[in-house]
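By full-length UniProt numbering, the letter at position 3 of the sequence shown is numbered 3, and the numbering carries on one by one without gaps.
From the three backbone atoms N, C-alpha and C, an ideal C-beta is built for every residue, glycine too.
Please read all numbers here as calculations on a predicted model, not as lab measurements.
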Amino acid sequence: MSVQQSSLEQQALSYHAQNYQVNNRPGKLEIAVTKPVNGQSDLALAYSPGVAAPCVEINKDPAKAYEYTAKGNLVAVISNGTAVLGLGDIGALASKPVMEGKAVLFKKFAGVDSFDIEIDETDPDKLVEIIAALHPTFGGINLEDIKAPECFYIEKKLRERLTIPVFHDDQHGTAIVVAAGMLNALHLSGKAIAETKLVCSGAGAAAIACLDMLLDVGMKRENIYVCDSKGVITTSRTDLNAEKQAWAKDTPAKTLSDVIEGADAFLGLSGPGLVTQADIKKMAAKPIVFALANPEPEIRPEKVKEVAPDAICATGRSDYPNQVNNALCFPYLFRAALDTGATQINQAMKRATATALAEMARTDGHFGTDYILPTLLDPRLLTGVTTKIAQAAIDSGVAKRVLNLADYQNALNSMAL
Ligand SMILES: NC(=O)C1=CN([C@@H]2O[C@H](COP(=O)(O)OP(=O)(O)OC[C@H]3O[C@@H](n4cnc5c(N)ncnc54)[C@H](OP(=O)(O)O)[C@@H]3O)[C@@H](O)[C@H]2O)C=CC1
Ligand SMILES: CC(=O)C(=O)O
Ligand SMILES: [Mg+2]
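Structure below.
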């Protein structure tokens, strides 16, 4: 571990611990009360006897829960800790800092309240039952860091059962941001997406969804090579799940180093340090290197630039330019979904998000190889991206509330976050 790394880790531990600056509690968030509770008369409304009145109304009409409770602005961030960042299966409890972090971003960037829920269960069917049983509390479910292939089944079953949005962030959030970043990187490097050769390291939750989304925006399956922990995904392998089989290539190649020759783009959604400078040297001119494993990418940008100075590099981290991270979209997707009463987050909403993010970076004067996407702290994101998602929800027929988009834009502009 370098001195710099160890110092970052010490700072991070101190940041999360008690006594960090003014907040005297461990962790990163707390719950706030939103109504006056100043005297006996307020108590009689907030609690007994007054609280019975909204209960009775909700019992008569469940939709009233959105009028009388926090449900309509409340998202569950749910993990079982089986694929936590690139740390792997570290269990439910150890995933809590990440889930609290996601809750912080929901609130900070889009005013969405969330509870982080870490569930000590790995059986997919049991997890589905637990989450389905919890769902009345929430307006949406954000699944996080649940490993593949179980995550595909869990999300599908929950989407079939529930009428609130269920969204596996590592799949779809990542896919949206990768698509937006890749479109802009290809634009800068002058490469045509239909002819782009891509090599992907990882064939899990994030990678499979990203590859599907890249097809959706114009990449060709025949130009994409995928590797997992056993090497290249080929038709001769007998150990592939259904999601991997869709990417199997009829090739004698065995390793990432075998297939990266001449590749225009690399997408890493696997683990730390899995790509070498020798691999990068084999890539085409102006290579695009999205090394997105967190916290440690497949290869660091400075290592890429040493051997390919014209490369466009991205990581999932906040301490390098070009942060390609699902945090750039999940707060706004849920903001729009909750506000429109969307029953799901569909492909139209995902496409609208990717397009809005890509356009936002292209049109603000900074666009370039070190600025392919807006940064996470860009104040334009809330209004600019959320309005486009809300419009897509309405146009594609999943919204229960049809908003006046000009009014909605103004309301987002005036949100104090
Ligand atoms: N920047 C961002 O926004 C995001 C980044 N990520 C990062 O992507 C990574 C994967 O996350 P996720 O998809 O959720 O996890 P999964 O557990 O679902 O998938 C991990 C994948 O990595 C593969 N893998 C592990 N070791 C190697 C190796 N040596 N060579 C090639 N592939 C390997 C696994 O292979 P196998 O199938 O054989 O087990 C598996 O396909 C993590 O580092 C995570 O932090 C994830 C989401 C968002
Ligand atoms: C960013 C994220 O969700 C991950 O690395 O898992
Ligand atoms: Mg994640």
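Roughly how many angstroms separate the alpha carbons of S114 and E100, rounded to a whole number? Straight across, the Cα-Cα distance linking S114 with E100 is about 9 Å.
Tell me whether G204 counts as near ligand 2, meaning its Cβ is closer than 7 Å to at least one heavy atom of that ligand. Not a single heavy atom of ligand 2 lies less than 7 Å from the C-beta of G204.
Taking only the alpha-carbon atoms, compute the straight-line gap between E298 and R351 and give it to the nearest angstrom. Straight across, the Cα-Cα distance linking E298 with R351 is about 27 Å.
Would you decide whether K281 is buried or exposed? Buried here means 16 or more other CB atoms lie within 10 Å of its CB. Around the beta-carbon of K281, fewer than 16 other beta-carbon atoms lie within 10 Å, marking it exposed.
Of the residues E243, V177 and F167, which one's Cα is nearest the Cα of V385? If we check each option's Cα against that of V385, V177 comes out closest.
Taking the continuous beta strand (DSSP E) assigned at N184, which residues delimit it? Annotation: N184 is outside any beta strand (DSSP E); the continuous alpha helix (DSSP H) that includes it extends over T174 to S189.
Neighbour-count burial assignment, Q171, 16 or more Cβ in a 10 Å radius: Within 10 angstroms of the beta-carbon of Q171 lie 16 or more other beta-carbons, which makes it buried.
Excluding sequence positions up to five away, which residues of its chain have a Cβ less than 8 Å from the Cβ of A83? Within the same chain, A83 has close Cβ partners D89, D145, I146, K147, A148, C151, D170, G204 and A205.
Sequence-ordered residues whose beta carbon comes within less than 7 Å of a heavy atom of ligand 3: This criterion selects L85, V98, E144, D145, D169, D170 and N326.
So is M1 buried or exposed if we call it buried at 16+ other beta carbons inside 10 Å? Note on M1: pLDDT 46, under 50, position unreliable in the model; no value is reported.
How big is the Cα-Cα spacing for Y320 and A291? As the crow flies, the alpha-carbon of Y320 is around 12 Å from that of A291.
Nearest by alpha-carbon distance to Q40: which of R25, G50 and I193 is it? Checked all of R25, G50 and I193; the closest Cα to Q40 is G50.
Looking at the unbroken beta strand (DSSP E) that takes in G140, where does it start and where does it end? Taken as a continuous stretch (DSSP letters only), the beta strand (DSSP E) holding G140 covers G140 to L143.
So, helix, strand or coil for I131, using DSSP? If DSSP states are grouped into helix, strand and coil, I131 belongs with the helices.
Distance, G81 Cα to A356 Cα: CA-to-CA, the gap between A356 and G81 works out to about 31 Å.
Which of the three DSSP states, helix, strand or coil, is assigned to A32? Residue state, collapsed to three classes: coil.
Kindly indicate which residue of D61, K107 and Y68 has the alpha-carbon position closest to the one of V75. It is K107 whose Cα lies nearest to the Cα of V75.
Runs of 3 residues minimum, wholly inside the segment 306 to 389: which ones carry the beta strand (DSSP E) assignment? Segments of the beta strand (DSSP E) lying fully in the segment 306 to 389: 312 to 315.
Alpha carbon to alpha carbon, how far is E9 from V3? Give it in angstroms, no decimals. Reliability fails at V3, whose pLDDT of 49 lies under 50, so the model's placement of it is uncertain and the value that follows must be treated cautiously. Whole-angstrom Cα-Cα distance: 10 Å.
Using CA atoms only, rank isn't needed, just tell me which of L198, E302 and S396 is closest to D310. Nearest option by C-alpha distance: E302.
Minimum length 4: unbroken alpha helix (DSSP H) runs contained in the segment 222 to 249: Segments of the alpha helix (DSSP H) lying fully in the segment 222 to 249: 242 to 245.
Cβ pair count under 8 Å reaching 3, the segment 323 to 334 against the segment 13 to 20: Judged by Cβ distances under 8 Å, the segment 323 to 334 makes no contact with the segment 13 to 20, as fewer than three pairs qualify.
Backbone secondary structure at G262 - three-state DSSP: In the structure shown, G262 sits in coil (DSSP, three-state: anything other than H, G, I, E or B).
Count the C-beta pairs between the segment 161 to 170 and the segment 126 to 140 that are closer than 8 Å, then say yes if the count reaches three, no if not. At 8 Å Cβ cutoff, the stretches touch.
Would D279 and N322 be called neighbours here (beta carbons separated by less than 8 Å)? Contact flag unset, no.
Any chance you could list the beta strand (DSSP E) runs of at least 3 consecutive residues sitting entirely within the segment 66 to 95, in chain order? Segments of the beta strand (DSSP E) lying fully in the segment 66 to 95: 74 to 79.
Would DSSP call D113 helix, strand or coil? It is a strand residue.
Would you call V56 buried or exposed, if buried means 16 or more other Cβ atoms sit within 10 Å of its Cβ? V56 is exposed by the Cβ-count criterion.
Near ligand 2: G316 beta-carbon under 7 Å from a heavy atom: Result yes, Cβ under 7 Å from ligand 2.
Identify, in the order they occur along the chain, each residue of the same chain with its Cβ nearer than 8 Å to the Cβ of V232, setting aside the five sequence neighbours on each side. Excluding residues within five positions, the ones whose Cβ falls inside 8 Å are Y225, V226, K249, T251, A253, K254, T255, L256, D258 and V259.
In whole angstroms, what is the alpha-carbon distance linking D407 and E129? D407 and E129 have their alpha carbons spaced roughly 39 Å apart.
Pull up the DSSP beta-bridge partners for I288, would you. Note: I288 is bridge-paired with A265 and I312 in the DSSP secondary-structure output.
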